[in-house]
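With our numbering as the guide, the letters of the sequence shown map in order to residues 22 to 249. Glycine residues also receive a C-beta, built at the ideal position from the N, C-alpha and C atoms. Fair warning: this is a prediction, and the values are worked out from it, not measured in the lab. Read through the structure below, which is laid out as structure tokens, and then see the notes.
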Amino acid sequence: MERPYIICHMMASLDGRIDCGMTEQIDDTNHYYEALDALDCPSTLEGKTTLVMHYALPGEFENDTTAARAQRQVYKAVDAQAYAIGVDTGGTLLWGDNTAEQFGKPLLMILSEDAGVDYLQYLQSKNISYITVGKDAIDLKAAMEILAREFGVQRLAVVGGGHINGSMLDLGLVDEVSMMYGYGIDGREGMAAAFDGRPADRRPVRLRFKSVVEKDGIVWMRYLTNEK
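And the structure:
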């Protein structure tokens, strides 16, 4: 099955940490977003931690535990050329009334099949598209295929955070790694790395060098996976 061409695009400190509050302090340029535009990935994907930190409303959706489970389904609230895609396994995030304006493009959520139908109705009321795929956990491979087939996503930039990057890499879903390094070191204990959360028995993923550019002290490095 076809899936989008997927690029993980991150800004990190020299020690590979990606906390947004920290990276904002070690890069006062706009080069990260300029590079994202150059990657030509109209649609973006972010993990739940990033969505909670920067976009979702405070609190959690009060699920009706007696409500039916979603099972596998796709709901397209609007046809668009690009989507802001988020991951929310159980369906708990709260959203404002105009997420398309908030993200600059329509929001599309990926959830597991265990999400409640009451939460899906909530998303519909907010004009938010969704995919429910995978028992207990999201089936990311199937989700990527649905993005290509049902939503026309051909190129996708994964822009946060470390665990969604790690999961995509572990499943062989990353075609390219685009890392930008700011002029600073984090070093704080427990902070997520650009790729995080892979099982301890995994081997390193070998990459092939593509390019490197330095501008105003920011280094932008691009690598391809071995499969590409």
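Quiz item: With C-beta atoms as the reference, is D207 less than 8 angstroms away from M31?
Solution: Indexing the sequence shown from 1 puts residue 207 at position 186. Indexing the sequence shown from 1 puts residue 31 at position 10. No. Outside cutoff.
Exercise. Where does C62 fall in DSSP's three states?
Worked result: On the sequence shown, position 41 is the one that residue 62 refers to. In this structure, C62 counts as coil in the three-state DSSP scheme.
Task: Beta-carbon gap between I39 and D196 smaller than 8 angstroms - done: Here the question's residue 39 lines up with position 18 in the sequence shown. Here the question's residue 196 lines up with position 175 in the sequence shown. No. Outside cutoff.
**Inter-residue spacing [alpha-carbon to alpha-carbon] between Y26 and K147** = To locate residue 26, count along the sequence shown from 1; it is residue 5. To locate residue 147, count along the sequence shown from 1; it is residue 126. Distance between the alpha carbons of Y26 and K147 is about 29 angstroms.
Helix, strand or coil at I149 according to DSSP, with G and I counted as helix: Taking the sequence shown and counting its residues from 1, the one referred to as residue 149 is at position 128. Three-state DSSP puts I149 in coil, outside helix and strand.
Q: Would you kindly work out how many angstroms separate the C-alpha atoms of W116 and V180, rounded to a whole number?
A: Taking the sequence shown and counting its residues from 1, one reaches residue 116 at position 95. Taking the sequence shown and counting its residues from 1, one reaches residue 180 at position 159. In this structure, the alpha-carbon of W116 lies about 20 angstroms from that of V180.
Rounded to the nearest angstrom, what separates L177 and R224 at their Cα positions?
Against the sequence shown, residue 177 aligns to sequence position 156. Against the sequence shown, residue 224 aligns to sequence position 203. For L177 and R224, the distance between alpha carbons rounds to 25 angstroms.
**Bridge-paired residues (DSSP) for I47** = The residue labelled residue 47 in the question sits at position 26 within the sequence shown. Paired residue(s): none; I47 is not in a bridge.
Under 8 angstroms between the Cβ atoms of A136 and P127? Taking the first residue of the sequence shown as 1, we reach residue 136 at position 115. Taking the first residue of the sequence shown as 1, we reach residue 127 at position 106. No, the Cβ-Cβ distance between A136 and P127 is not below 8 angstroms.
Practice prompt. Figure out for me which residue from K236, K231, W241, G238 has the closest Cα to the Cα of N247.
Written response: As a first step, residue 247 must be located in the sequence shown, where it is residue number 226. Checking every option, the nearest Cα to that of N247 belongs to K231.
Handout entry: 8 angstroms Cβ shell around M165 - same chain, five flanking residues per side excluded
Key = If you number the sequence shown from 1, residue 165 lands on position 144. Cβ within range, chain order: R24, P25, I27, L177, L194.
Q. Nearest to T113 by CA position, among V234, L72, D49, is which residue?
A. Position 92 of the sequence shown, counted from the first residue, corresponds to residue 113. Out of V234, L72, D49, L72 has the C-alpha closest to the C-alpha of T113.
How far does the alpha helix (DSSP H) with K69 in it extend, from its first residue to its last?
Against the sequence shown, residue 69 aligns to sequence position 48. Bounds of the alpha helix (DSSP H) holding K69 are 69-75.
Segment limits, beta strand (DSSP E) that includes L128: Against the sequence shown, residue 128 aligns to sequence position 107. In this chain, the beta strand (DSSP E) harbouring L128 covers 128-132.
In three-state terms, what does DSSP make of Y53? Reading the sequence shown from its first residue, position 32 is the one you call residue 53. It is helical.
- Applying the criterion that 16 or more other CB atoms from any shown protein chain within 10 Å of the CB defines a buried residue, is K156 buried or exposed? Here residue 156 corresponds to residue number 135 of the sequence shown, with the count starting at 1. Taking all protein chains in view, the Cβ of K156 is surrounded by fewer than 16 other Cβ atoms within 10 Å, so the residue is classified as exposed.
G203: buried (16+ other C-beta within 10 angstroms of its C-beta) or exposed? In the sequence shown, the residue the question calls residue 203 occupies position 182. Answer is buried; the Cβ neighbour count reaches 16.
For G183, the nearest candidate out of V174, I167, M200, Q175 (CA to CA): Counting from 1 along the sequence shown, the entry for residue 183 is found at position 162. It is M200.
| Quick one: what does DSSP say Y104 is sitting in, helix, strand or coil? | Sequence index remark: in the sequence shown, residue 104 carries index 83 (1-based). In the structure shown, Y104 sits in coil (DSSP, three-state: anything other than H, G, I, E or B).
When burial is assigned at 16 or more other CB atoms within 10 Å of the CB, is C41 buried or exposed?
Taking the sequence shown and counting its residues from 1, the one referred to as residue 41 is at position 20. Exposed, since its Cβ has fewer than 16 Cβ neighbours within 10 Å.
If we ignore side chains and look at the alpha-carbon of each, how far apart do F172 and R93 end up?
Here residue 172 refers to the residue found at position 151 when the sequence shown is read from its first residue. Here residue 93 refers to the residue found at position 72 when the sequence shown is read from its first residue. Cα to Cα, the separation comes out at about 16 angstroms.
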